[in-house]
Amino acid sequence: MNLKEKLIASFIAFENQVDLDNPVHEIRSEAIRNFEQKGFPHRKMEAWKYTSLDRLQKVDFSLFPSKDNDLEYRDVKKYFLHEVDTYKIVFIDGIYSSYLSETTHDGVDICLMSSALSKPIYKPIIDVYFNKAASREETLTSLNTAFTREGAYIYIPKHKAPRKPIEIVHFSTGNEAALMLQPRNLIIVEENAELQVIERHQSLTGNETLTNSVTEVFAAKNAIVDYYKVQNDRESASLIDNTYIRQKDNSQVSVHTFSFGGKLTRNNLNFYQDGEHIQSTLKGVTILGEKQHVDHHTLVHHQQPHCESHQDYKGIYGERSTGVFNGKIIVDRLAQKTNAFQQNNNLLISDKASVNTKPQLEIFADDVRCSHGCTIGQLDQDALFYLQARGIPKKEAAALLMYAFANNVLESVRLPELKLRINKLIAQKLGVRLGFEL
Amino acid sequence: MLKIKNLHASVEDKKILKGINLEVNPGEIHAIMGPNGSGKSTLASVIAGREDFQITRGKIEFDGEDLDDMAPEERAHKGIFLSFQYPVEIPGVTVTNFIRTAINETRKARGLEEMPANQMLKMIREKAELLDIDRKFLSRSLNEGFSGGEKKRNEIFQMAMLEPKLAILDETDSGLDIDALRIVANGVNKLRTPENAVIVITHYQRLLEYIVPDFVHVLHNGKIAKSGTKELALELEEKGYDWIKQEAVL
Ligand SMILES: Nc1ncnc2c1ncn2[C@@H]1O[C@H](COP(=O)(O)OP(=O)(O)O)[C@@H](O)[C@H]1O
Ligand SMILES: [Mg+2]
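Taken in sequence, the protein lines are chains A and B.
Sequence positions in the first sequence follow my numbering and run 1 to 438.
Sequence positions in the second sequence follow my numbering and run 1001 to 1250.
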């Protein structure tokens, strides 16, 4: 049985476990039909030309881990942003860990998708928002929708901001030989409300993990959301991240994606601007080695006038790693005075590494400013010589230049402790000794 | 200290240096002048170890050691400093972080401990003052958006921090107004000791009024066409380079 067959076969058993009267039952059924019809995406599809899921489909993943697994905080502390106090929504092999988590209902709801789906008080919100940003066409999103059960549920009412950032962390323990996870997050930030989220997926052993995650974010008028994705997983972990963001007037949403590890990572990041004077920020730092692969597919859909989007992705590819950046910008006829900026710069530091980068612009308005650029290059030899001539050995000089290249993406990170962490991670990845404070 | 013997160098099969002989001893100041394209910057780069240039004949010795096969950083660790004609902009690395890294790498290569932070700060403060450099300047990205003059002053600041045995100043005067020129020249002079030496590459004799050379060499078409004392610089200023070119042809 291949993975598709296995998933479809287990769907009925899955639905029997959860509540059939659930309002999302219909949505699930529709979703599994879409997945059944289309199956996994394949290389013949333009959007999947450079990323193959063939190997993963042959792995015998367990879909429902059988037992609860415990972790001690001290063993996994380093995966949290422990320098600051945070709310935590933590899952171990897909199952909520109340022990490692810190949730709240104090003015804001920072809790679980499973309770939001089952408790009547959340029903009005689920009816309005659940699966309303996520695609009904994308087959992997449908697959996730069909198996929606657990994840983070965050609701920030008008004029509220949680006292501290929220960490959503998924651990996989390796107790299953191979595990497939499908977390589902729903995040609603009402008018004038604010939110900061850090999301991380972390395998703790070398056993294979495949995560197919869907996150929906709704930012109402004047809302401010900063979302940080830390992707620094082991060689045994693959991640397909599908994030859908809907923004209303004057809202500001930023997503920073730090891709430093994992075997295969696919980021489908979609912004829909449904209002005026919206700002969307998409930033990425990718530093890969070994045979790692990252594919960034971004979409910004400008639907209304006077909005901005700002994309800046930087990649450093070593050894036999491969990368993709595909940035699509759609500007509707209505969306006059759009200002869309997109930049993707890559350094190849090994002959065997490669990158494919492609902007895709569909512009139907005439009074817009769209700029885009992509580069693939090697380190600047003049700069290298300059540093060497001042006594900095070639290897360190190269690392310093790469560090500087990647690091400027961090300027927009508004959480100082996270910024420092990422700074250090970048330095560590590149073998730069930070002999100075940052 | 520096002995260059019959040095020939090319880039991509293009011959640029065609038999340079030059000896620089401790305590000396040499000026190298010459028209554009005569090979002055190439000579400086070759001494500093730029790999794009191939030495096809001859050799360079520094303190009795053959520089051939020595990486640029090793030469720097031995005390060779090049002030670039066109300093490179390096966004994301501040002047201070850069200089700290350079100093500590050099110390490491010489088997010394890292310089303690407070000592480093004190030194930075002193040298910045010597060159009349604003402290704010030091936290900016290296050379990024600096004016021509700021870049040159920053080069000399780094020289002051690294205290090289041999400093090669490649057109450090270009881009400097007269006040800045005086400050920079004054800085260079203050750093002089009987043990170190300076090679000043320049077009104009202006700088040489402040940094007075013991010897002046005129480079033309990859060769030293004429050597003399500081009076030669004055003569060049008066007559231009044409007479050298003619002499060289003869
Ligand atoms: N990297 C290079 N590639 C090709 N030609 C070069 C390169 N660097 C210098 N040259 C050539 O070598 C000659 C000498 O240049 P340079 O040393 O910069 O002269 P100067 O500093 O005296 O003006 C010029 O003809 C220049 O075009
Ligand atoms: Mg020159």
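Note that beta-carbon positions come from the ideal geometry of N, C-alpha and C, so glycine has one too.
All figures in this text were calculated on a predicted structure; none of them were measured in a lab.
Subject >> Length of the line joining the Cα atoms of Pro416/A and Val253/A >> reply: Cα to Cα, the separation comes out at about 18 Å.
**OP:** Go through its chain and collect everything with a Cβ distance to Gln292/A's Cβ below 6 Å, but skip five positions before and after it.
**Re:** The answer, listed in chain order, is Ser321.
Original post:
Beta carbon of Lys1015/B: closer than 7 Å to some heavy atom of ligand 1?
Top reply: It does not: the Cβ of Lys1015/B is nowhere closer than 7 Å to a heavy atom of ligand 1.
Original post:
Are any of the Cβ atoms in chain B nearer than 8 Å to that of Gln388/A?
Top reply: Chain B, which has a Cβ nearer than 8 Å to the Cβ of Gln388/A, makes this yes.
Original post:
Assuming Phe1081/B and Ile1156/B make a contact with CB atoms under 8 Å, what is their CB distance in whole Å?
Top reply: Not really, about 10 Å apart at Cβ, beyond 8 Å.
Subject >> Presumed contact (8 Å Cβ cut-off) between Ile422/A and Phe258/A, rounded CB distance >> reply: Right, their Cβ atoms sit about 6 Å apart.
Subject >> Gln1158/B: contacting residues in chain A (beta-carbon distance under 7 Å) >> reply: Close to Gln1158/B, with beta-carbon spacing below 7 Å, are these residues of chain A in chain order: Arg390.
Subject >> CB contact below 8 Å: Pro416/A versus chain B >> reply: No, no contact with chain B.
**OP:** Kindly indicate the opening and closing residues of the beta strand (DSSP E) around Ile1055/B.
**Re:** Ile1055/B -> beta strand (DSSP E) spans 1054-1062.
Original post:
For the segment 391-399 of chain A against the segment 1072-1090 of chain B, are there 3 or more C-beta pairs whose distance is under 8 Å?
Top reply: Contact between the segment 391-399 of chain A and the segment 1072-1090 of chain B is present, with at least three C-beta pairs closer than 8 Å.
Original post:
Could one say the Cβ of Phe405/A lies closer than 8 Å to chain B's Cβ atoms, at least one of them?
Top reply: Chain B, which has a Cβ nearer than 8 Å to the Cβ of Phe405/A, makes this yes.
Original post:
Just checking my contact of Asn212/A with Asn144/A at CB under 8 Å: how many whole Å lie between their CB atoms?
Top reply: Between Asn212/A and Asn144/A, the beta carbon gap of about 5 Å places them in contact (Cβ cut-off 8 Å).
**OP:** Check whether the Cβ of Ala1102/B lies closer than 8 Å to any Cβ atom in chain A.
**Re:** Closer than 8 Å to some Cβ of chain A, the Cβ of Ala1102/B qualifies, so yes.
Original post:
chain A partners of Ala1076/B, CB-CB under 9 Å?
Top reply: Within chain A, the residues near Ala1076/B are Gln388, Ala389, Arg390, Gly391, Ile392.
Subject >> Alpha-carbon to alpha-carbon, Glu1237/B and Phe436/A >> reply: Legend: pLDDT at Phe436/A = 46, less than 50; position of this residue unreliable, no value from coordinates given.
Subject >> Rounded straight-line distance, which links the Cα of Phe130/A to that of Asn16/A >> reply: Computed Cα separation, rounded: 21 Å.
Original post:
Name the chain A residues whose beta carbon is nearer than 8 Å to that of Gly1175/B?
Top reply: Ordered by position in chain A, no residue passes the 8 Å Cβ test against Gly1175/B, which lies about 17 Å from the chain.
Original post:
Rounded to a whole number of angstroms, what is the C-alpha to C-alpha distance between Ile1047/B and Tyr1086/B?
Top reply: The alpha-carbon atoms of Ile1047/B and Tyr1086/B are separated by roughly 16 Å.
Original post:
In chain order, what residues of the segment 357-382 of chain A put their CB closer than 7 Å to some CB of chain B?
Top reply: The residues in question are Asp382.
Original post:
Over what stretch of residues does the alpha helix (DSSP H) that includes Tyr129/A continue unbroken?
Top reply: Tyr129/A -> alpha helix (DSSP H) spans 123-129.
Original post:
Along the chain, which unbroken stretches of the alpha helix (DSSP H) at least 4 residues long are found entirely within the segment 1109-1151 of chain B?
Top reply: The qualifying runs are 1117-1130.
Original post:
Residues of chain B with a CB under 8 Å from the CB of Asn408/A: which are they?
Top reply: Per Cβ cutoff of 8 Å: Pro1091, Gly1092.
**OP:** Just confirm the distance between the C-beta atoms of Pro468/A and Val197/A, as a whole number of angstroms; I'd bet it's less than 8 Å.
**Re:** Absent from the structure is residue 468/A, since the part of chain A shown begins at 1 and ends at 438.
Original post:
DSSP puts Ser473/A in a beta bridge; with which residues?
Top reply: Missing from the structure shown is residue 473/A; chain A here goes from 1 to 438 and no further.
Original post:
What does a CB cutoff of less than 7 Å around Gly289/A pick up in its chain, not counting 5 residues either side in sequence?
Top reply: In the same chain as Gly289/A, and ignoring 5 residues on each side of it, the C-beta atoms closer than 7 Å to its own belong to Gly318, Glu319, Ser321, in chain order.
Original post:
Contact between the segment 148-166 of chain A and the segment 181-192 of chain A: three or more CB pairs below 8 Å?
Top reply: Touching, per the Cβ criterion.
**OP:** Could you tell me the distance, in whole angstroms, from the CA atom of Lys38/A to the CA atom of Asp312/A?
**Re:** Inter-residue distance for Lys38/A and Asp312/A is about 32 Å (C-alpha atoms, whole angstroms).
Subject >> Residue range of the unbroken beta strand (DSSP E) whose run includes Pro359/A >> reply: That run of the beta strand (DSSP E) goes 354-363.
**OP:** Would you give the residue range spanned by the alpha helix (DSSP H) that Glu308/A belongs to?
**Re:** Note, Glu308/A: premise wrong, no alpha helix (DSSP H); beta strand (DSSP E) at 308-317.
Subject >> Where the alpha helix (DSSP H) through Met113/A begins and ends >> reply: Residues 113-118.
**OP:** Find the nearest neighbour of Ile224/A within the set Leu204/A, Ile245/A, Phe91/A, judged by alpha-carbon distance.
**Re:** Of the candidates Leu204/A, Ile245/A, Phe91/A, the residue whose Cα lies closest to the Cα of Ile224/A is Ile245/A.
Original post:
So what's His25/A in DSSP terms, helix, strand or just coil?
Top reply: Three-state DSSP puts His25/A in a helix.
**OP:** Name, please, each residue of chain A whose Cβ falls closer than 7 Å to the Cβ of Pro1253/B.
**Re:** No answer is possible for residue 1253/B: it lies beyond the span of chain B, which begins at 1001 and ends at 1250.
Original post:
What does a CB cutoff of less than 7 Å around Val18/A pick up in its chain, not counting 5 residues either side in sequence?
Top reply: The answer, listed in chain order, is Arg149.
Original post:
Does at least one heavy atom of ligand 2 sit under 7 Å from the Cβ of Arg199/A?
Top reply: It should be noted that the sequence gives Glu, not Arg, for residue 199/A. In this structure, Glu199/A has its CB at a distance of at least 7 Å from all heavy atoms of ligand 2.
**OP:** Kindly examine ligand 2 and report whether one of its heavy atoms sits closer than 7 Å to the Cβ of Asp1069/B.
**Re:** No; taking the cut-off as 7 Å, the Cβ of Asp1069/B has no heavy atom of ligand 2 nearer than that.
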